[in-house]
Structures are given as structure tokens and as C-alpha cells.
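For reference, the structure discussed in these notes is given below.
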Amino acid sequence: MPMPDATTIARDRGEGLLFWLTGLVLLVGLPVLNVLPDPESWLHVSDFALNRFGKFLCFAILALGLDLIWGYTGILSLGHGVFFGLGAYAIGMHLMLTIGKESVYGSALPDFMVWNQVKELPLFWKPFYSFSVSVAAAMLVPTLFAFVFGFLAFRSRIKGVYFAIITQALALCAWLVFNRNETNLGGTNGLTDFKQILGFRLSEPGTQRALYILTVLCLGAAYVLCRWIIGSRTGRVLVAIRDSEQRVLFSGYSPANYKLFVFVVSAALAGVAGALYAPQVGIITPAQIGVLPSLEMVIWVAVGGRGTLVGAVLGAVGVNWSRSVLTNYFPELWPFFLGGLFIAVVLLFPDGLVGLFAHIREKWAAGGITRKPAPSSETGGQEAQ
Amino acid sequence: MAERGSIIYLEGVTVDYDGFKALNRLNFIVNYNELRVVIGPNGAGKTTLLDVICGKTKPAEGRVIFGKDVDLLPLREHEIVQLGIGRKFQAPSIYANLTVWENLDLSLKRESKGVVATLLGKSAQAERDRIGRTLETIGLADCAQQRAGSLSHGQKQWLEIGMVILQDPQLIMVDEPVAGMTDKETEQTGVLLQSLAEKHAIIVIEHDMAFVRQIARIVTVLHEGAVICEGPVDKVQSDPKVQEIYLGHRKQKNAHAAAG
Chain A
877 MPMPDATTIA RDRGEGLLFW LTGLVLLVGL PVLNVLPDPE SWLHVSDFAL NRFGKFLCFA
937 ILALGLDLIW GYTGILSLGH GVFFGLGAYA IGMHLMLTIG KESVYGSALP DFMVWNQVKE
997 LPLFWKPFYS FSVSVAAAML VPTLFAFVFG FLAFRSRIKG VYFAIITQAL ALCAWLVFNR
1057 NETNLGGTNG LTDFKQILGF RLSEPGTQRA LYILTVLCLG AAYVLCRWII GSRTGRVLVA
1117 IRDSEQRVLF SGYSPANYKL FVFVVSAALA GVAGALYAPQ VGIITPAQIG VLPSLEMVIW
1177 VAVGGRGTLV GAVLGAVGVN WSRSVLTNYF PELWPFFLGG LFIAVVLLFP DGLVGLFAHI
1237 REKWAAGGIT RKPAPSSETG GQEAQ
Chain B
18 MAERGSIIYL EGVTVDYDGF KALNRLNFIV NYNELRVVIG PNGAGKTTLL DVICGKTKPA
78 EGRVIFGKDV DLLPLREHEI VQLGIGRKFQ APSIYANLTV WENLDLSLKR ESKGVVATLL
138 GKSAQAERDR IGRTLETIGL ADCAQQRAGS LSHGQKQWLE IGMVILQDPQ LIMVDEPVAG
198 MTDKETEQTG VLLQSLAEKH AIIVIEHDMA FVRQIARIVT VLHEGAVICE GPVDKVQSDP
258 KVQEIYLGHR KQKNAHAAAG
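If you read the sequences in order, they're chains A and B. The first sequence begins at 877 in the working numbering and counts up by one. The second sequence begins at 18 in the working numbering and counts up by one.
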């Protein structure tokens, strides 16, 4: 009687340790280094650095969802910026309304409405006075939107490169709609100049620290959720869909339902990421949700290593970190660097950083390790297109 | 099984691909516990016949009845599978990045194959035992934890047959199972199919006449989307119409060969 789960368990233990260690560093280590050491000390983590890192971790939450659908299921979505944006705008609208009389024009209406001669708050803004409604909307709006869009797309059996194209079209549409002043969402300038959240000043380091910690907790929860899905039989159905959708269909599963499930989960994660992003970064504009950012998100996952959850997190944090560093010194070189990185990943290390590490470790151990942690690129590459 | 009569019944089925009739008013019946071999030249409609039964292709006209009175035409593919019709594809389609065990585990017949049931489901001991037994049957017991993508071509074919068996179908459809297999593998596959035929109805599509003779009881010959002959192997092989189709093709081929 073979033991079917032996290898998985051993792998999970190693990963579990890594999970708790990383969690400890992120949740306790960095905030403590932010508060305790003297600002002059090399150990000190500045408020700016902590806040910036919180932003990267938001992206990591989104990358987890994107990896679930692209890395595991082989469905390339080029429209995840939209779901991110829906989450961010939902919270952003609440934050706009809590500015109140502190706004530049001293009106109860958001500033951009005053510029645009809007006299009365549009109806769809009204529920966002409530914090809890806004938080719920940040998750539910992307979820519902993904459900409807995914239902239509997957039921019509749109797949491969066609799905990638219509999701890219979706990103373009969303960008156009959010850019219009008539949409009443701030147009090109988006939503910004937030002052407070639940009565706490957003300019206070303490508030930002709390948001950072919340982000770490959400990332942890998202990771556990994804790990649970991947570890279940559903996770194997997802990989099976990537390998041979026809076989899945003729084994009695409805691939459309599974695709819809994973699409909706990843959209919800993107929504959460957006909701945490807006108050930490202090601005959300259409430029952050369109075609280009959606493409970049895919690059994060590819660089980190698709088909591994660690890779998604690593990729999102790594690429964005390099962006902060590089744009500081050579701002005009960033697009070339990003493009070059993507080409390098595709040509040289298709399994991403995680695959590269595994490869190096394998060489190091000289034949000690046999099983690859990542599903190989053998079929994933073809079907992900 | 105690059932009598037909397990699959096709009447007047026509599949039209933009004017080309892949199936032309086809009538085709297979009974319970029958092993039927379907032969015919390329383009005769053999694979289309399987496509129609498993719901992949919907015919322009005709009736397709499973068992006593289940109309298959309005059903979707996975619903037809759940009724008890399993299909092995021509090119081995397995999940290359899962282990052999996981491949079989996903194929196992379960009450629900919806997302929620699959998300929460655990393996029961009885299920593990069944998978273990199937691994023995298809001769892959030693490779259970191997990545399926690393199997040989013949092993992949067997794995897929195993996956179909675990769906517990009443009717198994197998499309060219021995293409690309060595002689030994071909023979083993024949033995496997014959043992399966004790409990299931099986439709096999095959080109390899030696293999057909090894396994067949009744052979159906398709030509241009319709049945032109049906009966025991010897009778079919001596049928003048069948000879004409095959010889005609051979003559053409020879002519081409001579010309080239």
C-alpha cells in the first residue's frame, strides 16, 4: 500500500517553519525595529521604509491570488489590476468622505466634485459613509464582478490567449471608465488627500504601523487560504485543468466551475490588497489599475516562480523593491529593466527565483534532492501561453 | 450485470461539418457486456462516433439513447460521464504534473465532483484500496508516486485506462489504445481490455488488424459516416464491400507509391 501523502507532508513541514519565521520577522521584528532603536542607529527601520514595505506586502496578497489562477490553473489573467482597483476605490471613497470640512475647499463634498461642479453627492457614494460597508464592498464588489465576468467567459469556454486578451480589454475599459470625470470617481487624479481612518490620523506613524501589521496578518491569512486550497483535492483539480482540461471534463468535473471558483478567489484577494493599499499609499488613480499595472502583476509572479506560493510573495516584494531602489537612481531605466527581467525569466529561468534556488540547491547537494517543489514548466508553459 | 438489451443506441445520427457529413444517418447499437471493435478507413467517422456519445459533438439530427431511456443529447459532457460513460482518448491525456496516484485519485467516481465537495473531501480507506487494486490491474503499482509525465508512452495509455476504470463506467470507449505501443505492450493491453469486458460494455476503435483479431468478437465497419458491415471478424474480413473499401484504399496508396 503506497503512502500517497508522504512527500507532501515533508515539504509542508519545511514550508511551515519558513512561514512562521517569516511571519515573526514581518509581524514583530520590523515594527519593533521601527519603534525601539534610536533613529540614527543602523538597526532602525524608518517610518517611510515600513510604510513602503507594507505596500509591497499588499502586492504580495494580490500575487498569491494571481498565482492561484495563472501558476496553478494555467489561466492567464491580464486584468487583475481592475479587481485591485475596485478594492482600493471602495476604501478610497470612504476615506474621501471622512475628510469632511478639512478639504481644500472646505466643502463636505470631495474636492474633485467641487472642481467638477457636482453639487450633490452621487447616490452610489452614499453607502460609503459607513466604514463596514466600505470594507465589505472592497471584497464583495471585485468578487461579484469577477463572478459575472468569469461566469460568462468560462461558460463560453473562452480559454488560453483569448481569455488573456479579453481580460486585458477589461483592464483598458476600466481604465477609461475611471478616467472619466463623469464617472464621479476623481477622473485622472483619482482619490487622494486622505486624512483619517476610523478617527486615526493617516499621517501618524502609529496609524501606518497598525495598517502595516494588518497587512501582514491579511497576507498570512491569504497564504493559509491558498495553501489550503492547493493542498486539497481542488488544488489538484486546478493543476489537472492546466495539464489536460479535456481529461478533467471527461472525468466528471465541470472545469468551468473550478475556473470560476479560482478566478473569484483571486479577485477577492486582489480586492483586499487594494483596500489595504489605498490608506497606506494615500492615493489611488486609474494609472494604478489599467493595462500596464495588470501586466506588471503577472511579471511579479513570473519572476518569483509561478506555481509556488512562496514564489508569488517573493516576486511581488522583490520586483517592487528593486523598482523603488532603481527608480531612485536611474528613473528612466526602470521600464527597460522590467522588460529585460521578464525576458530573462522566460528564457533563462522559467520557474522563477524559486526554481533558480531549487536548482542551485540541487547542484549544491549533488543529487540529494529529487522532487521539484514547483510543477515543472513542461506543460504549464504551453497552456499558460 | 443483469441488464439486457442495448447500453447505447444511436438512430439516424448525422453530424455535419459545413457540408461534410462525418456521420450520415448512422445506426449503431451496443449491448450490455459487449466488447465491440469499430474499424474503418481514415475519415470514416469513428472518432466522431465517440464524440457524439460522450457529448463532445452534438449531432444535427438523430437520437442517442443510453441504457433503457436516457437521452444523451441535452446533457453536458461531465453529466454524461457521471451517468457511467468513460472515454480514453487517442493521444494519452493524463495530468503530467501530478503523480500517478493523484491522477487516479481525481478520476475515482465520487458522489459529487463539485468545488465544495472536492475542497472538503478526504480519501476514505476504501477509496485508497480501490486505487491500489487498479494500480495492480494496470501494472503501475511501482510507479504510484512517480510524476505521470515521466511515464513511458505505453504506461501513460494504461494510466488513462486505469483512470477511466475508476470512474466506474458501464460503457468504456477506447480510441486506438495500442497506437505507438510495442508488440508486448499491445498484447498486454488486449488482455487488459478482455478482462474489463467481463464487467463493462466496451467500444474500441482500432486500426491494427492483428490486435482486432486478438480481442474482437463483433466488429463494426464504418465508411463515410455509416455502418457498411457488422459481424464476427472472419465474416467482416471476407465481406466484398469491406474488401473493396480497404483494397480500394490500398490500390490508391500503391498507385501513389508507384507514381512517387
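From the three backbone atoms N, C-alpha and C, an ideal C-beta is built for every residue, glycine too. Since this is a predicted model, take the numbers as computed values, not measurements.
Alpha-carbon to alpha-carbon, residue j and residue i
| i | j | result |
| --- | --- | --- |
| M190(B) | V69(B) | 12 Å |
| I82(B) | L52(B) | 18 Å |
| D1227(A) | T1184(A) | 9 Å |
| R1056(A) | G1066(A) | 10 Å |
| N992(A) | L912(A) | 46 Å |
| S1198(A) | E891(A) | 25 Å |
| Q1044(A) | V1167(A) | 6 Å |
| I111(B) | E1121(A) | 10 Å |
| S984(A) | L973(A) | At residue 984(A) the sequence reads Ala, which differs from the Ser that was named. Roughly 8 Å between the two C-alpha positions. |
| T31(B) | I182(B) | 30 Å |
| T116(B) | R164(B) | 4 Å |
| A161(B) | G1216(A) | 41 Å |
| I951(A) | L1046(A) | 15 Å |
| F895(A) | L902(A) | 11 Å |
| S167(B) | A113(B) | 8 Å |
| R1182(A) | A158(B) | 31 Å |
| V208(B) | T154(B) | 11 Å |
Residue i at chain B interface by Cβ criterion, 9 Å
| i | result |
| --- | --- |
| S1120(A) | yes |
| L1185(A) | no |
| Y1134(A) | yes |
| V1177(A) | no |
| A1143(A) | no |
| V1230(A) | no |
| V1157(A) | no |
| A1086(A) | no |
Helix, strand or coil at residue i according to DSSP, with G and I counted as helix
| i | result |
| --- | --- |
| A196(B) | coil |
| H217(B) | coil |
| M1060(A) | Note that residue 1060(A) corresponds to Asn in the displayed sequence, not to Met. N1060(A) falls in the coil class under three-state DSSP. |
| V994(A) | coil |
| R1199(A) | helix |
| S23(B) | strand |
| T237(B) | strand |
| L209(B) | helix |
| D943(A) | helix |
| Y34(B) | strand |
| G1128(A) | coil |
| I885(A) | Caution is warranted here: a pLDDT of 45 is assigned to I885(A), below 50, making its placement in the model unreliable, and the coordinate value is therefore given only provisionally. Three-state DSSP puts I885(A) in a helix. |
| Q1156(A) | helix |
| A39(B) | strand |
Residue i: contacting residues in chain D (beta-carbon distance under 8 Å)
| i | result |
| --- | --- |
| G950(A) | Absent from the structure: chain D. Protein chains present are A and B. |
Neighbour flag for residue i against chain A, beta carbons, 9 Å
| i | result |
| --- | --- |
| M180(B) | yes |
| L43(B) | no |
| Q184(B) | yes |
| K173(B) | no |
| K130(B) | yes |
| V238(B) | no |
| L123(B) | yes |
| H95(B) | yes |
| G197(B) | no |
| Q187(B) | no |
| T135(B) | yes |
| S252(B) | In the sequence as displayed, the identity of residue 252(B) is Lys instead of Ser. Cβ-Cβ to chain A under 9 Å: no for K252(B). |
| A153(B) | The amino acid at residue 153(B) is misidentified as Ala; the sequence shows Glu. Not closer than 9 Å to any Cβ of chain A, the Cβ of E153(B) fails to qualify, so no. |
| H170(B) | no |
| V98(B) | yes |
| K126(B) | yes |
| L213(B) | no |
Residue i Cβ short of 8 Å to the ligand COA heavy atom set
| i | result |
| --- | --- |
| V238(B) | The ligand content of the structure shown is nil, which means the ligand COA is not present either. |
message = Please identify, using Cβ separations under 8 Å, the residues of the segment 101-113 of chain B that lie next to chain A, in order along the chain.
response = G103, R104, F106, S110, I111, Y112 and A113
query = Can at least three beta-carbon pairs, one atom from the segment 202-219 of chain B and one from the segment 173-188 of chain B, be found at a separation below 8 Å?
reply = yes
ask   = Does the segment 1065-1083 of chain A come within contact of the segment 1100-1114 of chain A, defined as at least 3 CB pairs closer than 8 Å?
value = no
message = For the segment 1173-1188 of chain A against the segment 1227-1238 of chain A, do three or more pairs of beta-carbon atoms, one drawn from each stretch, fall closer than 8 Å, so that the two count as touching?
response = yes
query = If you pair each beta-carbon of the segment 58-65 of chain B with each one of the segment 142-156 of chain B, do three or more pairs fall below 8 Å?
reply = no
task = Flag this pair as touching only if the segment 943-959 of chain A and the segment 1153-1173 of chain A have three or more C-beta atom pairs under 8 Å; answer yes or no.
result = yes
request  = Examine the Cβ distances between the segment 206-214 of chain B and the segment 123-136 of chain B and report whether three or more of them are shorter than 8 Å.
outcome  = no
task = Note down, in chain order, all residues in the segment 1025-1045 of chain A with a beta-carbon under 8 Å from any beta-carbon belonging to chain B.
result = none
message = With three or more C-beta pairs closer than 8 Å as the rule, is the segment 938-955 of chain A touching the segment 1135-1147 of chain A?
response = yes
request  = Taking 8 Å as the threshold, find out whether the segment 1089-1099 of chain A comes into contact with the segment 993-1013 of chain A through three or more Cβ pairs.
outcome  = no
key: Within 9 Å of chain B by C-beta, residues of the segment 972-992 of chain A in sequence order   = none
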